[in-house]
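Have a look at the structure below before the remarks.
Protein chains in written order, with my numbering: chain G, 11 to 117; chain U, 4 to 121.
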């Protein structure tokens with residue numbers, strides 16, 4: 011199975027700040043990497059797919075990058091509505107696996 | 004608008020069975036692979052099972068293989084998860100989600116809670 015290691019596990023940032031979340035795969039996943047946002051009490055929503063493509067309706071302050079085994083999610087100009095947990099997920103190989111998640115809070 | 008609505012959850016004793024359903028609308032259900040994904044309370048996400056659009060390909064996580072069965076009825080736009088020999092570690096919120104090989108989970112339901120406890 012491909013292991014997805016996500017960091018940090020939690021993050022505290024101020025409004026307007028830029029934050030970055032990292033995700034490392036245990037083997038090359040050829041950019042078959044998605045990022046999901048899960049707000050408290052809600053189901054996950056797709057933010058980024060194919061490592062760097064923005065899903066429909068997602069604000070442009072979100073961006074994804076990376077290749078091979080190393081990927082990152084960047085949020086520019088943090089807004090209050092961005093408080094959530096974020097998960098990376100590889101869909102290159104069965105079984106599809108998720109990172110452990112990053113809980114983003116406001117400072 | 005794409006909608007996925009799960010049902011069938013509840014409290015069940017260890018070793019018993021439960022069947023979850025997910026009714027889809029807003030897209031051509033028979034054209035898409037579908038999945039079950041679960042989230043234990045306060046924990047991360049775990050993919051559980053996948054079924055291709057025509058049911059030809061079915062995959063399971065090792066943690067549920069041999070106990071859970073995924074199926075679908077394209078005429079009824081409905082996805083199922085038959086869960087048997089339930090264990091306490093199966094306690095989780097179960098989501099159905101659209102997605103397949105080299106395709107992310109682009110739509111999720113609101114989830115249905117399954118609690119396994121005596």
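Even for Gly, the Cβ is constructed at its ideal location relative to N, Cα and C. Here the structure is a predicted model, which is why all the values come from computation and not from measurement.
Residue of the options minimising C-alpha distance to residue i
{"i": "residue 129 of chain U", "options": "U:31, U:67 and U:13", "result": "Here chain U has residues from 4 to 121 only, and residue 129 of chain U is not among them."}
{"i": "residue 95 of chain U", "options": "U:69, U:75, U:23 and U:74", "result": "U:23"}
{"i": "residue 35 of chain G", "options": "G:104, G:79, G:109 and G:73", "result": "G:79"}
{"i": "residue 73 of chain U", "options": "U:58, U:66 and U:65", "result": "U:58"}
{"i": "residue 114 of chain G", "options": "G:91, G:103 and G:53", "result": "G:91"}
{"i": "residue 81 of chain U", "options": "U:117, U:27 and U:6", "result": "U:27"}
{"i": "residue 115 of chain U", "options": "U:14, U:4 and U:5", "result": "U:14"}
{"i": "residue 4 of chain U", "options": "G:101, G:99 and G:66", "result": "G:66"}
{"i": "residue 105 of chain U", "options": "G:37, G:101 and G:24", "result": "G:101"}
{"i": "residue 104 of chain G", "options": "U:18, U:62, U:98 and U:119", "result": "U:62"}
{"i": "residue 90 of chain U", "options": "U:49, U:66 and U:99", "result": "U:66"}
Partner residues on chain U for residue i, Cβ-Cβ distance less than 9 angstroms
{"i": "residue 108 of chain G", "result": "40, 47, 48, 49 and 50"}
{"i": "residue 59 of chain G", "result": "106, 107 and 109"}
{"i": "residue 99 of chain G", "result": "48, 50, 107 and 108"}
{"i": "residue 111 of chain G", "result": "46, 47 and 48"}
Residue i, enclosing beta strand (DSSP E) - first and last residue
{"i": "residue 49 of chain U", "result": "48-54"}
{"i": "residue 34 of chain G", "result": "29-35"}
{"i": "residue 60 of chain U", "result": "Segment: none, residue 60 of chain U is in no beta strand (DSSP E) and carries neither H nor E."}
{"i": "residue 88 of chain G", "result": "Note, residue 88 of chain G: premise wrong, no beta strand (DSSP E); not H, not E."}
{"i": "residue 45 of chain G", "result": "43-48"}
{"i": "residue 108 of chain U", "result": "106-111"}
{"i": "residue 57 of chain G", "result": "55-59"}
{"i": "residue 40 of chain U", "result": "37-42"}
{"i": "residue 71 of chain U", "result": "71-76"}
{"i": "residue 72 of chain G", "result": "72-77"}
{"i": "residue 23 of chain G", "result": "20-23"}
{"i": "residue 97 of chain G", "result": "94-100"}
{"i": "residue 1 of chain U", "result": "Past the boundaries of the shown model lies residue 1 of chain U; chain U is included only from 4 to 121, so the question cannot be answered."}
{"i": "residue 22 of chain U", "result": "21-28"}
{"i": "residue 101 of chain U", "result": "95-103"}
Interface residues of chain G facing residue i [CB-CB closer than 7 angstroms]
{"i": "residue 95 of chain U", "result": "Result: empty, since nearest Cβ-Cβ is about 13 angstroms, beyond 7 angstroms."}
Cross-chain neighbours of residue i in chain G, by beta carbon under 8 angstroms
{"i": "residue 62 of chain U", "result": "104 and 105"}
{"i": "residue 98 of chain U", "result": "53 and 54"}
Own chain, CB closer than 6 angstroms to residue i, minus 5 neighbours either side, in chain order
{"i": "residue 32 of chain G", "result": "17 and 82"}
{"i": "residue 27 of chain G", "result": "88"}
{"i": "residue 20 of chain G", "result": "113"}
{"i": "residue 13 of chain G", "result": "36"}
Contact set for residue i: own chain, Cβ-Cβ below 7 angstroms, skip 5 residues either direction
{"i": "residue 56 of chain U", "result": "33, 34, 35 and 36"}
{"i": "residue 106 of chain G", "result": "99 and 100"}
{"i": "residue 49 of chain G", "result": "94"}
{"i": "residue 102 of chain U", "result": "36, 38, 108 and 109"}
{"i": "residue 40 of chain G", "result": "102"}
Partner residues on chain G for residue i, Cβ-Cβ distance less than 9 angstroms
{"i": "residue 113 of chain U", "result": "52 and 53"}
Cross-chain neighbours of residue i in chain U, by beta carbon under 7 angstroms
{"i": "residue 72 of chain G", "result": "Simply none; closest approach about 15 angstroms."}
{"i": "residue 42 of chain G", "result": "105"}
Cut-off 8 angstroms between Cβ atoms - residues of its own chain near residue i, not counting five sequence neighbours on either side
{"i": "residue 64 of chain U", "result": "49, 50, 51 and 52"}
{"i": "residue 29 of chain U", "result": "4, 5 and 6"}
Chain A within 8 angstroms of residue i, Cβ atoms only
{"i": "residue 52 of chain G", "result": "Of the protein chains in this structure, namely G and U, none is chain A."}
| field | Inter-stretch contact (C-beta, 8 angstroms, three-pair minimum) for the region 102-113 of chain U and the region 44-61 of chain G | value | yes
| said: With three or more beta-carbon pairs closer than 8 angstroms as the criterion, would you say the region 63-75 of chain G touches the region 85-101 of chain G? | reply: yes
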